[in-house]
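Notes follow once the structure below has been shown.
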Amino acid sequence: MSTVRILLAITYIKNWHLHQLDVNNVFLHGELKENVYMSVPEGVNSPKPNQVCKLLKSLYGLKQASRKWYERLTSLLLQQGYTQSTADYSLFTYHNDNDFTALLIYVDDIILAGTSLTEFQRIKTILDDNFKIKDLGVLKYFLGLEVAHFKHGISVSQRKYCLDLLKDSGLLGSKPIATPLDPSIKLHQDAGKLFEDKIYFSYCFFLGNSLISWKAKKQITVSRSSSEAEYRALSIATCELIWILFLLKDLNAPCIRPHVLYCDNQSALHIASNHVFHERTKHLEIDCHLVREKVQQGLLRLLPISTQEQLADCLTKALPVTKFNAFISKLGLLDIYQAQACGKLLRKEELKE
Numbered sequence: 001m002s003t004v005r006i007l008l009a010i011t012y013i014k015n016w017h018l019h020q021l022d023v024n025n026v027f028l029h030g031e032l033k034e035n036v037y038m039s040v041p042e043g044v045n046s047p048k049p050n051q052v053c054k055l056l057k058s059l060y061g062l063k064q065a066s067r068k069w070y071e072r073l074t075s076l077l078l079q080q081g082y083t084q085s086t087a088d089y090s091l092f093t094y095h096n097d098n099d100f101t102a103l104l105i106y107v108d109d110i111i112l113a114g115t116s117l118t119e120f121q122r123i124k125t126i127l128d129d130n131f132k133i134k135d136l137g138v139l140k141y142f143l144g145l146e147v148a149h150f151k152h153g154i155s156v157s158q159r160k161y162c163l164d165l166l167k168d169s170g171l172l173g174s175k176p177i178a179t180p181l182d183p184s185i186k187l188h189q190d191a192g193k194l195f196e197d198k199i200y201f202s203y204c205f206f207l208g209n210s211l212i213s214w215k216a217k218k219q220i221t222v223s224r225s226s227s228e229a230e231y232r233a234l235s236i237a238t239c240e241l242i243w244i245l246f247l248l249k250d251l252n253a254p255c256i257r258p259h260v261l262y263c264d265n266q267s268a269l270h271i272a273s274n275h276v277f278h279e280r281t282k283h284l285e286i287d288c289h290l291v292r293e294k295v296q297q298g299l300l301r302l303l304p305i306s307t308q309e310q311l312a313d314c315l316t317k318a319l320p321v322t323k324f325n326a327f328i329s330k331l332g333l334l335d336i337y338q339a340q341a342c343g344k345l346l347r348k349e350e351l352k353e
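Encoded structure:
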């Protein structure tokens, strides 16, 4: 899903066209290289007992059906001059003079994003000749994401998905709450484990003002201190950043400036910035020092941020309502279905007009 969000963000920034396709009966297009047999379907009279059928092509229900469809589509796209991304194998790109086209696939759903509608029409025609497709026009719904196009941007929501979850769980008529967890609730000390041996971490990545990637998870390794835990989280976030940079390069949007990671732990920042041997950090895994290596290469800058301004905290901590609302506002979350106000404040320039 991060690839989808990154593609949508770049589409808005570069003012690309954005279309969607649907391929009919995708699992019937694969070519089988191995011998696969199936029992005779019910209703078919067989002259011989225990007779079986040998499949000439892929069929729904085969374990290799999705793989064979992927191989068939990949082969066709490569023949048409598309290049497969090394960051995400479901992403293909096409360069032609000053035009650029990105094609993202997920089983039978395809997104087209790029500068040339002529290339859109060309690849649509080729796909339709080989597989029969349904042209859905401008992208509106993809993998549970509702995409709305506005004059000043693109919004992504999962309203239908959330409503379906509420309906299935019988909570459709329930009253909403302001925050996921009430910070005023005091849990009893003996209600859970005697001690928490592993720490939760979280991170958020932005492309411009768009939130493109985030994660909140418990660390798999026990840390001896909060500084060590934060340093491990920095290394995990650095891996995600490197992958994002590879993907941006494939999407013809390479980043030149050093990239900034904000951390609210000064000790972790010192460990990452100073290449010295220390008694308290000598046991850390070598891969954790990836963040230190990227800082020395000039690819990454680490800057301190106060805990009060750390946006990633809303993924792991119970925050007061005012602080929670301020954080989600900075994350770019908004209610696109909320009625707009009847008026607005005018600037002096607008009053003169």
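Be aware that the sequence shown starts at 1, since it is given in UniProt numbering, and climbs by one per residue.
Built from N, CA and C at the ideal position, the CB exists for glycine as well.
Three-state class that DSSP yields for residue i in the structure shown
i: R292; result: helix
i: Y89; result: coil
i: A102; result: strand
i: I305; result: coil
i: V321; result: helix
i: Y231; result: helix
i: residue 356; result: One cannot answer for residue 356 here, as it falls past the ends of the chain, which runs 1 to 353.
i: E42; result: coil
i: I220; result: coil
i: W69; result: helix
i: N130; result: helix
i: S267; result: helix
i: K186; result: coil
i: I111; result: strand
i: E121; result: Note on identity: in this sequence residue 121 is Gln, with Glu being the wrong assignment. Of the three classes helix, strand and coil, the one that applies to Q121 here is helix, per DSSP.
i: S213; result: strand
i: K54; result: strand
i: S116; result: coil
i: D97; result: coil
i: L311; result: helix
i: T74; result: helix
i: T238; result: helix
i: L247; result: helix
i: S202; result: strand
i: residue 406; result: What is shown of the chain runs 1 to 353, which leaves residue 406 out entirely.
i: K63; result: coil
Proximity test, residue i beta-carbon vs the ligand MG heavy atom, cut-off 8 Å
i: L334; result: Looking at this structure, you won't find the ligand MG or any other ligand, since it has none at all.
Supposed contact pair residue j and residue i - C-beta distance, whole angstroms, cut 8 Å
i: D22; j: D108; result: 6 Å
i: W69; j: V4; result: Their Cβ separation, rounded to whole angstroms, is 20 Å, which puts W69 and V4 out of contact at 8 Å.
i: E230; j: A268; result: 4 Å
i: F295; j: L302; result: Residue identity check: residue 295 is Val in the sequence provided, not Phe. The Cβ separation is near 6 Å, so the contact holds.
i: E31; j: R72; result: 6 Å
i: M38; j: L56; result: With a Cβ gap of about 11 Å, M38 and L56 do not count as contacting.
i: L248; j: C255; result: 6 Å
i: Q219; j: K198; result: 5 Å
i: H29; j: S58; result: 7 Å
i: residue 431; j: N265; result: The structure shown has nothing for residue 431, since the chain only spans 1 to 353.
i: F142; j: I111; result: 6 Å
i: H19; j: V138; result: 6 Å
i: V36; j: L62; result: 7 Å
i: I126; j: Q80; result: 6 Å
Chain-order list of residues whose beta-carbon lies under 8 Å from that of residue i (same chain, five-residue window excluded)
i: L311; result: C204, F327, K330, L331
i: G114; result: W16, H17, Y94, D99, F100, T101, A102, F120
i: I6; result: L207, I212, S213, I244, L247, L248, L251
i: L345; result: Residue placement at L345 is poorly supported in this model, since its pLDDT is 46, which falls under 50; the coordinates still yield a value, given next. Result list for L345: empty, nothing under 8 Å.
i: V40; result: S46, Q51, V52, C53
i: Y60; result: F27, L28
Residue i at chain B interface by Cβ criterion, 9 Å
i: N325; result: Protein chain content of the structure displayed is limited to a single chain, and chain B is not contained in it.
Residues of its chain near residue i, where Cβ-Cβ distance is below 6 Å and the 5 sequence neighbours each way are ignored
i: I10; result: L251, A253
i: L315; result: S202, A216
i: A178; result: V321
i: L77; result: F92
i: L8; result: I154
i: S85; result: L91, D250
i: F131; result: V23, H29
i: C288; result: R232, S235
i: Q158; result: G144
Close-in-space but distant-in-sequence residues of the same chain around residue i (CB under 7 Å, 5 per side omitted)
i: L234; result: L261, C263, A268, A272, V291
i: S223; result: I199, A229, R232
i: P258; result: G298, L299, L300, R301
i: G173; result: none
i: D135; result: L21, K124
Can you find at least 3 beta carbon pairs, one from the region 209-225 and one from the region 240-255, that sit closer than 8 Å?
yes
Do the region 34-52 and the region 141-159 make contact, defined as three or more Cβ pairs closer than 8 Å?
no
Ordered list of beta strand (DSSP E) runs contained in the region 139-181, each at least 3 residues
145-150, 153-157
Just list the alpha helix (DSSP H) runs in the region 3-49, keeping only unbroken ones of 4 residues or longer that don't cross its boundaries, in chain order.
none
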